[in-house]
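Basically the working numbering = 1-based index in the sequence shown + 59. The beta-carbon is built from N, C-alpha and C at its ideal position, and this holds for glycine as well. What follows is a short report on a single structure.
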Amino acid sequence: MNIMVIGSGGREYAIGRALSQDAAVEKLYFAPGNGATPALGENVDIKEYDALAEFAKDQAIDLTIVGPEAPLTEGIVDVFKARELTIFGPSKAAAQLEGSKVYMKNFLAKYGIPTASYIETDHIDTAFKFIDTLGTPVVVKADGLCAGKGVIIAPTHDEAKKAASEMLSGKAFGEAGKKVIIEEFLDGYELSMFAICDGEDYILLPAAQDHKRLEDGDQGPNTGGMGAYAPTPLVNDEIYEKVKASVIRPTLDGMQAEGAPFEGVLFIGLMIVNGEPLTLEFNVRFGDPECEILMPLLATPASELFYKAATKQLDTLKVQFKDEYAVGVVMASRDYPYKSSEPAEIVVDEIVHTELAEHSHIAYAGVSEMDGKLFATGGRVLVCVGTGESIRQARDRAYALCGQVHFAGKKLRTDIAYQAL
Ligand SMILES: Nc1ncnc2c1ncn2[C@@H]1O[C@H](COP(=O)(O)OP(=O)(O)OP(=O)(O)O)[C@@H](O)[C@H]1O
Ligand SMILES: [Mg+2]
């Protein structure tokens with residue numbers, strides 16, 4: 060099978076790494092890939108979706124897997140399907156579940172899926188009136204995609220009103236903020252759940268926990284995620300069953316009823332409040348860094364999982380996961396998330412311990428290759444992943460690997476997976 064992965068981050072590297080270990084995969088392409096993906100396959104410097112589809116036809120690519128949300132919400136899947144190319148990911152219509160928070164909240168309300176009480180509006184007066192009815196903090200969300208920066212947890216009504224007016228005026232996020240969601244603050248603990256869907260059936264992956272804040276103890280600004288681990292012991296069978304029955308099934312049935320069957324990764328952002336799962340949001344792609352720790356837990360060949368999902372055959376697949384844990388520690392550049400940093404050469408010491416070599420690896424993200432050397436050029440540079448029979452063993456291996464990786468200004472959290480230890 061010839062496969063193409065769309066994207067350039069650690070998520071796409073992790074999917075590519077799983078496919079590179081899959082005997083069924085012949086040729087592997089990345090569009091555009093990053094500085095390290097040539098070690099796994101061939102980078103393709105084509106951006107335009109029609110040209111990518113043409114390339115896929117010319118190279119007899121059997122399956123394309125889309126990593127990031129932007130091409131999905133822009134309709135890359137529709138372009139490929141129009142040419143009868145097999146592609147894994149939601150249609151433009153189905154990708155609205157992430158592309159528009161207003162669409163997502165109204166969908167949750169219409170199909171009775173538990174979530175925070177909210178209003179959606181493009182009127183400042185309506186926003187202010189609703190804010191005054193809420194306690195504090197108040198949550199204000201921009202409708203469109205804002206790369207994880209479109210949500211304000213406002214400690215006071217005044218700050219909530221300021222956030223709402225800056226969004227609605229277009230000052231904060233342009234068009235993406237011209238409509239807002241105002242919702243109640245939910246007090247509980249957060250989880251990420253991922254369902255691989257084929258429009259009708261789905262496969263639930265082990266639940267993971269991300270670490271959004273920059274510093275230890277969940278301090279500092281929100282980031283794209285500084286580390287993750289799975290499976291999390293914070294989820295028991297009862298919660299899995301509740302999520303299946305009260306979130307995933309009604310979502311797949313609802314999207315069919317809306318005429319936009321959901322195919323791809325349904326990433327459910329959950330807040331568990333008194334044992335009850337409430338949906339904070341949907342994303343329609345793998346999380347990053349969650350993907351880097353979920354792929355190594357897959358025992359079923361990755362090509363089989365993605366191909367059967369893309370061809371509506373998940374009911375024929377009994378997916379297997381390794382009986383292991385995985386922990387991923389993000390290494391970021393000096394000035395992340397405030398601004399970009401000077402490129403810094405990455406040096407990885409030789410891994411002499413076989414145990415460490417066998418149970419840990421690096422998933423490369425914001426890196427570029429220059430003169431045969433790898434340089435840290437992005438905000439989140441790479442993820443050190445450890446696997447093991449316990450979360451503690453997996454974590455210790457991830458941090459041991461971090462000790463072998465060097466670049467100027469590197470920063471990381473030292474408490475990834477703390478909630479499970
Ligand atoms: N109603 C709520 N109550 C409490 N915290 C919330 C609420 N909604 C959002 N949050 C917090 O804000 C974070 C970001 O919110 P959300 O996931 O909706 O936005 P996002 O920008 O789409 O995030 P992502 O980049 O993960 O897709 C959540 O991970 C959670 O920590
Ligand atoms: Mg989101």
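For E428, the closest alpha carbon among the candidates G69, D382 and T96 is that of T96. Where I450 is concerned, there is no enclosing beta strand (DSSP E), although the alpha helix (DSSP H) around it starts and stops at I450 to C461.
Taking C-beta atoms as the reference points, G194 and M330 fail to come closer than 8 angstroms. Annotation for V464: V407 place their beta carbon closer than 6 angstroms to its own, counting only its chain and skipping 5 residues before and after. Only residues of its own chain outside the window of five on either side were considered, and among them E157 and F326 have a CB closer than 6 angstroms to the CB of N342, listed in chain order.
Rounded to whole angstroms, the separation of the alpha carbons of P196 and P214 is 4 angstroms. Between the beta-carbon of V136 and that of S150 there is about 5 angstroms, and that keeps the pair under the 8 angstroms contact cut. A476 is the residue among G75, E101 and A476 whose C-alpha sits nearest the C-alpha of T291. Secondary structure note for V324: its beta strand (DSSP E) is the uninterrupted segment E322 to V332. Pairwise C-beta distances place the segment 227-239 in contact with the segment 200-216, as three or more of them are shorter than 8 angstroms. The Cβ atoms of R456 and G445 sit closer than 8 angstroms to each other. Segment contact: the segment 346-359 against the segment 62-79, three or more CB-CB distances shorter than 8 angstroms; contact assigned. The C-beta separation of A358 from Q379 comes to about 4 angstroms, placing the pair in contact by the 8 angstroms criterion. Residues S392, R393, D394 and G468 of the same chain have their beta carbon placed closer than 7 angstroms to that of S400, with the five preceding and five following residues left out of the count. The beta carbons of A223 and I212 sit no closer together than 8 angstroms.
Within the segment 312-397, the complete beta strand (DSSP E) segments of 3 residues or longer fall at 322-332, 335-342 and 384-391, listed in chain order. Around the Cβ of R344, a 10 Å sphere holds 16 or more other Cβ atoms; the residue is buried. At least one heavy atom of ligand 2 sits closer than 7 angstroms to the Cβ of E157.
As for any alpha helix (DSSP H) of minimum length 4 sitting wholly inside the segment 232-317, the runs are 296-302 and 308-316, ordered along the chain. If only complete runs of 3 or more residues are kept, the segment 95-133 shows the beta strand (DSSP E) at 122-125, in order along the chain.
Scanning its chain for C-beta atoms nearer than 7 angstroms, with the 5 sequence neighbours on each side dropped, one finds around R451 the residues L480, in chain order.
Contact between F321 and C256 holds, with the beta-carbon distance rounding to 5 angstroms and staying under 8 angstroms.
Per DSSP, the beta bridge partners of R439 are A391.
Cβ contact annotation for A435 (same chain, cutoff 7 angstroms, sequence separation greater than five): S392, P402, A403, I405, G425, V426 and F466, in chain order. Under the three-pair Cβ rule at 8 angstroms, the segment 163-181 does not count as touching the segment 126-136. If only uninterrupted alpha helix (DSSP H) runs of at least 4 residues are considered, those enclosed by the segment 174-218 are 183-192. At least one heavy atom of ligand 1 is found less than 7 angstroms from the C-beta of I212. For K470, the secondary structure class from DSSP, reduced to helix, strand or coil, is strand. In the structure shown, the three-state DSSP call for V464 is strand.
If you check the C-beta of K200 against ligand 1, you find a heavy atom less than 7 angstroms away.
In the structure shown, the three-state DSSP call for L156 is helix. The set of residues with any CB-heavy atom separation to ligand 2 below 5 angstroms comprises, in chain order, E340 and N342. If you compare the alpha carbons of L273, P280 and P265 with that of A289, the shortest gap goes to P265. For the 8 angstroms CB-CB criterion, G323 and E340 do not form a contact. Per DSSP, reduced to three states, the secondary structure at I475 is coil, with no helix or strand assignment.
Boundaries of the alpha helix (DSSP H) around V138: I135 to A141.
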